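Student: Position 189 of the sequence shown, counting from 1, maps to 1197 under the working numbering, and the rest follow consecutively.
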Amino acid sequence: MNQITVPEFAVMGHPNEGKSSVVSTLTEDDKIKVSQVPGETTVSRAYTVKIDDREIIRFVDTPGFQAPRQTLAWFREHPGPDLLDKFISTFKTDAFFADECELLTPVARGAGIIYVVDGSRPVREDDLAEMEILRLTGRPRMAVINSKSLERDYTDQWKQEFRKYFNVIRVFNSNRADFYERIRMLESLKAIDQDWEQGLERVISAFKGDWDKRNRMACAYITHGIEKAVGFSLSGKITPATDQVTLKEELTRAYQQEIRKMEKKMFSHIRSLFRHNLYDYPLPEYSVLRHDLFSEQTWEMLGLSRKQLATAGAVVGGTMGAVLDTAAAGLTFGVFTAIGSAIGAGSALAGIRRLTKKNSPGLGGDRLQVGPNENIQFMYVLMDRALLYYAHITRRSHGRRDMPEPDREGKMEKMGVSSGLTPAQQKVCSRFFRGARGKVMIRGKKAAPEFALLIQELLEKEGR
Ligand SMILES: Nc1nc2c(ncn2[C@@H]2O[C@H](COP(=O)(O)OP(=O)(O)OP(=O)(O)O)[C@@H](O)[C@H]2O)c(=O)[nH]1
Ligand SMILES: [Mg+2]
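1. State yes or no: is the C-beta of residue 1281 within less than 8 Å of the C-beta of residue 1193?
2. Buried or exposed: which applies to residue 1076, given that a residue is buried once 16 or more other Cβ atoms fall within 10 Å of its Cβ?
3. What do you get for residue 1419, buried or exposed, if any count of 16 or more other CB atoms within 10 angstroms of its CB means buried?
4. Give me, in chain order, the residues of the same chain whose beta-carbon lies closer than 7 Å to that of residue 1064; leave out the 5 immediate sequence neighbours on both sides.
5. What does a CB cutoff of less than 6 Å around residue 1409 pick up in its chain, not counting 5 residues either side in sequence?
6. For ligand 2, I want to know if residue 1205 counts as a neighbour, meaning its beta carbon is within less than 7 Å of at least one of the ligand's heavy atoms.
7. Based on the DSSP output, what are the partners of residue 1019 in its beta bridges?
8. Output needed for residue 1050: all residues of its chain with C-beta closer than 6 Å, excluding positions within five of it in sequence on either side, in chain order.
9. Any idea if residue 1118 is buried or exposed, counting beta-carbon neighbours within 10 angstroms, 16 or more meaning buried?
10. Measuring alpha carbon to alpha carbon, tell me which residue in 1128, 1165 and 1200 is nearest residue 1175.
11. Hey, how far is the Cα of residue 1254 from the Cα of residue 1244?
12. How close, in whole Å, do the beta carbons of residue 1483 and residue 1406 come, if the pair is a contact with beta carbons under 8 Å?
13. Nearest to residue 1110 by alpha carbon, out of 1142, 1073 and 1443?
14. For residue 1272, verify whether its CB is less than 7 Å away from any heavy atom of ligand 3.
15. Considering only residues of the same chain and omitting the five flanking positions on each side of residue 1067, which have a CB-CB separation below 7 Å?
16. Between residue 1096 and residue 1069, is the Cβ-Cβ spacing less than 8 Å?
17. Does at least one heavy atom of ligand 1 sit under 7 Å from the Cβ of residue 1025?
18. Using 8 Å as the cut-off, can you tell me whether the stretch 1229-1244 makes contact with the stretch 1439-1448, which would need three or more C-beta pairs spanning the two stretches below that distance?
19. Can the beta-carbon of residue 1079 be found less than 8 Å from the beta-carbon of residue 1105?
20. Would you call residue 1415 buried or exposed, if buried means 16 or more other Cβ atoms sit within 10 Å of its Cβ?
21. Helix, strand or coil: how does DSSP classify residue 1063 here?
22. Considering just the uninterrupted stretch of the beta strand (DSSP E) at residue 1176, what are its terminal residues?
23. Using the C-alpha atoms, what's the distance from residue 1379 back to residue 1450?
24. Distance check for residue 1268 and residue 1028, CA to CA, integer angstroms please.
25. Tell me residue 1150's beta-bridge partners as DSSP assigns them.
26. State buried or exposed for residue 1135, treating a residue as buried only when at least 16 other CB atoms are found within 10 Å of its CB.
27. Leaving aside the five residues before and after residue 1138 along the sequence, list all residues of the same chain whose C-beta is less than 6 Å from its C-beta, in chain order.
28. Under 8 Å, do residue 1128 and residue 1172 count as touching if we go by C-beta distance?
29. Does residue 1231 come out as helix, strand or coil in the three-state DSSP assignment?
30. Roughly how many angstroms separate the alpha carbons of residue 1107 and residue 1131, rounded to a whole number?
31. From the DSSP output, in three-state form, read off residue 974 for me.
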């Protein structure tokens, strides 16, 4: 029937109804041009979804109908099996039918049809002409209602008309559809032609397999990122000339900066996993992710109580400690006792003792150290933020081009996921935390896969 090797669908319709947005969402390609001005798309262009370098399915973005009534009149006068080829060869150099030739070309070579309309406006004469044209092509076809506005709803009117012209009808919003909605769309497409059922079944299972793989990757990035951040520390050399308060401040700043960088890297990995390449959409106004990782607001928004916040103080500054050259330890202990209050990290002395035990001589002098962070709340904040970011990215459809509206109260984002963990899950976190800080080596190793599993479970919940 055609030269097509993978299932191909032409996305067609009136200008400015959201065809390019639908293609963009279905192919997860945010580079496709979408515009408020009608007539943005002027040539038919195929976008192929590839999974593991294999071509899976193709959607063709087409220009909108410009002369549907004249085209229909010609179609009616020239019935026959090769109607489309005849139309295209007759008018290929005629400027009046330029868009019609362009948009009908993929159908002529065998593509199925996805007809897109804006369900927030009523059905007009031109639409009926377009639907009749598509019916006369005899190709398998599906109608999609993509409502651009929620204020008016003509869905029922559209459905009533569509029943006369299409095999399948579906409401699909290009600006809100998530992965599951895309799968449902593909499921519907299966019904437009029995011959395509098997092919589309393969497409669906490839999509699902790829989604699972991305989630496993996201989980690995998050687990690894948190492990690194939790275990991270920085130290600076103390000489007799060192102003230790300044050194402490510098180390703290550098420590926080490094952790921020780690988080950013983790987020950017997640973003590219889910193919948001072009746009780094700003997070909603209310999102906790808009606040600095180390701000008290972040912690409060994630549901930490005042008491927890007080004990979490060390996180805001990073935990201070010191690595001492054991040979010199006896001499310098006094110094640290003296600056204990200045560095403001609470039990500075305890920190020094612990670190002193751990470190062998030969460091070439005394050092002041920031991190690894002692407070598990720090890890919970990192976890919460990673999960929120994941939800933000996976729910964002690729066809959407506007900025996020502050239309939600942000209740969901106020409370961190970690505050709802069961005691058993908290135990998993705590074991991982200790392992990542380098405290419990053997148990720590086992704790990582356990923690990764927990993250995976939480991601699944967030993705829904
Ligand atoms: N709010 C909202 N806007 C949408 C939706 N779909 C499309 N739009 C907007 O409608 C306008 C037209 O979208 P396009 O996808 O470019 O429409 P098109 O049918 O490809 O238009 P042409 O290429 O000009 O024929 C853009 O401003 C989109 O952002 C939707 O589901 N919701
Ligand atoms: Mg377009």
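Cβ atoms here follow ideal geometry from the backbone N, Cα and C, with glycine treated the same way. Since the model is a prediction, treat every value here as computed from it, not as a measurement.
Tutor: Quick look at the numbers:
1. Translated into positions along the sequence shown, residue 1281 becomes position 273. Translated into positions along the sequence shown, residue 1193 becomes position 185. Not closer than 8 Å, so no.
2. Position 68 of the sequence shown, counted from the first residue, corresponds to residue 1076. Flag for residue 1076 reads buried.
3. Translated into the one-based positions of the sequence shown, residue 1419 becomes position 411. Its pLDDT being 46, under 50, residue 1419 is placed unreliably in this model, and the value from its coordinates should be taken loosely. It is exposed - the Cβ of residue 1419 has fewer than 16 other Cβ atoms within 10 Å.
4. Translated into the one-based positions of the sequence shown, residue 1064 becomes position 56. Counting only Cβ-Cβ distances below 7 Å, and skipping sequence neighbours, we find 1014, 1057, 1058, 1211 and 1214.
5. Counting from one through the sequence shown, the residue named residue 1409 turns up at place 401. 1042.
6. By one-based count along the sequence shown, residue 1205 stands at place 197. No, the Cβ of residue 1205 stays beyond 7 Å of every heavy atom of ligand 2.
7. Within the sequence shown, numbered from 1, the residue matching residue 1019 stands at position 11. The partner list for residue 1019 (beta bridge, DSSP) reads 1069 and 1122.
8. Indexing the sequence shown from 1 puts residue 1050 at position 42. For residue 1050, where only same-chain residues beyond five positions count, the Cβ hits under 6 Å are 1071.
9. Residue numbering aside, residue 1118 sits at position 110 when the sequence shown is read from its first letter. Residue 1118 should be labelled exposed.
10. Your numbering for residue 1175 matches position 167 in the sequence shown. Minimum Cα distance to residue 1175 is reached at 1200.
11. By 1-based counting over the sequence shown, the position of residue 1254 is 246. By 1-based counting over the sequence shown, the position of residue 1244 is 236. Taking the straight line from one Cα to the other gives about 11 Å.
12. In the structure as shown, the chain starts at 1009 and stops at 1472, and residue 1483 therefore has no counterpart that could be examined.
13. The sequence position of residue 1110 within the sequence shown is 102, counting from 1. The shortest C-alpha separation from residue 1110 is found at 1073.
14. Looking for ligand 3 in the displayed structure turns up nothing; the ligands present are ligand 1 and ligand 2.
15. As a first step, residue 1067 is located in the sequence shown; it is residue number 59 there, counting from the start. Closer than 7 Å at the Cβ level, and outside the excluded window around residue 1067, lie 1017, 1019, 1031, 1034, 1035 and 1055.
16. To locate residue 1096, count along the sequence shown from 1; it is residue 88. To locate residue 1069, count along the sequence shown from 1; it is residue 61. Not in contact: residue 1096 and residue 1069 (Cβ atoms no closer than 8 Å).
17. Taking the first residue of the sequence shown as 1, we reach residue 1025 at position 17. Checking the Cβ of residue 1025 against ligand 1 gives yes.
18. yes
19. Start at 1 with the first residue of the sequence shown, and residue 1079 comes out as number 71. Start at 1 with the first residue of the sequence shown, and residue 1105 comes out as number 97. Yes, the Cβ-Cβ distance between residue 1079 and residue 1105 is below 8 Å.
20. Locating residue 1415 in the sequence shown gives position 407, counting from the first residue. Any reading at residue 1415 must be qualified, since the residue scores a pLDDT of 46, below 50, and its modelled position is unreliable; the value itself is stated next. Classification of residue 1415: exposed, given that the 10 Å Cβ count is below 16.
21. Numbered from its first residue, the sequence shown carries residue 1063 at position 55. The answer is strand: DSSP assigns residue 1063 an E or B state.
22. On the sequence shown, residue 1176 is found 168 positions in, with the first residue counted as 1. Unbroken beta strand (DSSP E) run through residue 1176: 1176-1179.
23. Along the sequence shown, read from residue 1 onward, the residue named residue 1450 stands at position 442. Along the sequence shown, read from residue 1 onward, the residue named residue 1379 stands at position 371. Bear in mind that the predicted position of residue 1450 carries a pLDDT of just 47, short of 50, making it unreliable; the figure below should be weighed with that in mind. So the two alpha carbons sit approximately 21 Å from each other.
24. Within the sequence shown, numbered from 1, the residue matching residue 1028 stands at position 20. Within the sequence shown, numbered from 1, the residue matching residue 1268 stands at position 260. Taking the straight line joining both Cα atoms gives about 36 Å.
25. The count along the sequence shown starts at 1 and reaches residue 1150 at position 142. Paired residues: 1122 and 1176.
26. Within the sequence shown, numbered from 1, the residue matching residue 1135 stands at position 127. Burial call: buried.
27. Taking the sequence shown and counting its residues from 1, the one referred to as residue 1138 is at position 130. Excluding sequence neighbours, residue 1138 sits near 1073 and 1076.
28. Numbered from its first residue, the sequence shown carries residue 1128 at position 120. Numbered from its first residue, the sequence shown carries residue 1172 at position 164. No, the pair does not count as a contact, with Cβ atoms beyond the cut-off.
29. On the sequence shown, position 223 is the one that residue 1231 refers to. The answer is helix: DSSP assigns residue 1231 an H, G or I state.
30. Against the sequence shown, residue 1107 aligns to sequence position 99. Against the sequence shown, residue 1131 aligns to sequence position 123. Taking the straight line from one Cα to the other gives about 21 Å.
31. Outside the displayed span of the chain (1009 to 1472) sits residue 974, for which this structure offers no information.
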